[in-house]
Amino acid sequence: DAMVIQNPRYQVTQFGKPVTLSCSQTLNHNVMYWYQQKSSQAPKLLFHYYDKDFNNEADTPDNFQSRRPNTSFCFLDIRSPGLGDAAMYLCATSRDIRQGPYEQYFGPGTRLTVT
Amino acid sequence: SQQGEEDPQALSIQEGENATMNCSYKTSINNLQWYRQNSGRGLVHLILIRSNEREKHSGRLRVTLDTSKKSSSLLITASRAADTASYFCAARGGSYIPTFGRGTSLIVHP
Numbered sequence: 001d002a003m004v005i006q007n008p009r010y011q012v013t014q015f016g017k018p019v020t021l022s023c024s025q026t027l028n029h030n031v032m033y034w035y036q037q038k039s040s041q042a043p044k045l046l047f048h049y050y051d052k053d054f055n056n057e058a059d060t061p062d063n064f065q066s067r068r069p070n071t072s073f074c075f076l077d078i079r080s081p082g083l084g085d086a087a088m089y090l091c092a093t094s095r096d097i098r099q100g101p102y103e104q105y106f107g108p109g110t111r112l113t114v115t
Numbered sequence: 116s117q118q119g120e121e122d123p124q125a126l127s128i129q130e131g132e133n134a135t136m137n138c139s140y141k142t143s144i145n146n147l148q149w150y151r152q153n154s155g156r157g158l159v160h161l162i163l164i165r166s167n168e169r170e171k172h173s174g175r176l177r178v179t180l181d182t183s184k185k186s187s188s189l190l191i192t193a194s195r196a197a198d199t200a201s202y203f204c205a206a207r208g209g210s211y212i213p214t215f216g217r218g219t220s221l222i223v224h225p
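Keeping their order, the protein sequence lines are chains A and B. The opening position of the first sequence corresponds to residue 1 in this note's numbering, with each subsequent residue numbered one higher. The opening position of the second sequence corresponds to residue 116 in this note's numbering, with each subsequent residue numbered one higher.
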């Protein structure tokens, strides 16, 4: 049973051409996260939502934006992708971790290639 | 932010052997979690240990936590080829969001 779904699984975009990655969940979790993971590195948190409350990490480039139109969906927009933005992008969800030690559920990831 | 750092970075063993991975973190934590990531996939939660716990078991997994040393270990007993993956610890402190280390890459040879 798919719980956190990411589309597409593989995305190729051109340098500077805007791209949107999508994530949906069937868990009804109120927290959603976007991570960037480069080869052999730790997943790096870009931002997260508590419901509609957006929380940006201090070192997330302005080039990265996000939208969460409802509980189930969350989007990652890269306005002008550079070669350094090529990575795996992971979406995750959880229950409200301010209320308890809840685990995160990850999607399979979207592999972004920038040409 | 809190961060776990795994050691070793890479581990290669034979099927049936035990695999031990370590995680160190910097400041006080509420809990520490271990995740597995198969190549090219998302992370899967394995086990969570709270700061007031010293040891926890789940199937072939055993996790220990030593808050005085700010370290945790993950032991996989009787490893199988299917255990080949990267393993990450995520330490959660006061910032609520756990942050991940670079992971240990485990290869189990059949």
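Even glycine gets a Cβ: it sits at the ideal position worked out from N, Cα and C. All values derive from a computational prediction rather than experimental measurement.
*asked:* Buried or exposed, going by whether 16 or more other CB atoms sit within 10 Å of the CB of glutamine 14(A)?
replied: exposed
Mark arginine 9(A) as exposed unless 16 or more other C-beta atoms lie within 10 angstroms of its C-beta, in which case mark it buried. exposed
| query | For glutamine 124(B), which of helix, strand or coil comes out of DSSP? | reply | coil
- Task: Say yes only if the C-beta of aspartate 85(A) is nearer than 8 Å to one or more non-hydrogen atoms of the ligand PLP, and no if none qualify.
- Result: Absence of the ligand PLP from the depicted structure is noted, as is the absence of any ligand whatsoever, leaving it without description.
Looking at methionine 3(A) and leucine 21(A), is the spacing between their C-beta atoms short of 9 Å?
The Cβ atoms of leucine 21(A) and methionine 3(A) lie no closer than 9 Å to each other.
* Excluding sequence positions up to five away, which residues of its chain have a Cβ less than 7 Å from the Cβ of arginine 68(A)? -> Excluding residues within five positions, the ones whose Cβ falls inside 7 Å are Met32, Tyr49, Lys52, Cys74.
Ends of the beta strand (DSSP E) at phenylalanine 15(A)?
-> First-last for phenylalanine 15(A): undefined, no H or E at that position.
*Can you tell me whether phenylalanine 203(B) is buried or exposed, with buried defined as 16 or more other CB within 10 angstroms of its CB?*
Result: buried.
Along chain B, in chain order, which residues have C-beta atoms closer than 9 Å to that of histidine 97(A)?
-> It should be pointed out that residue 97(A) corresponds to isoleucine in this sequence rather than to histidine. Those are Arg207, Tyr211, Ile212, Pro213, listed as they occur along chain B.
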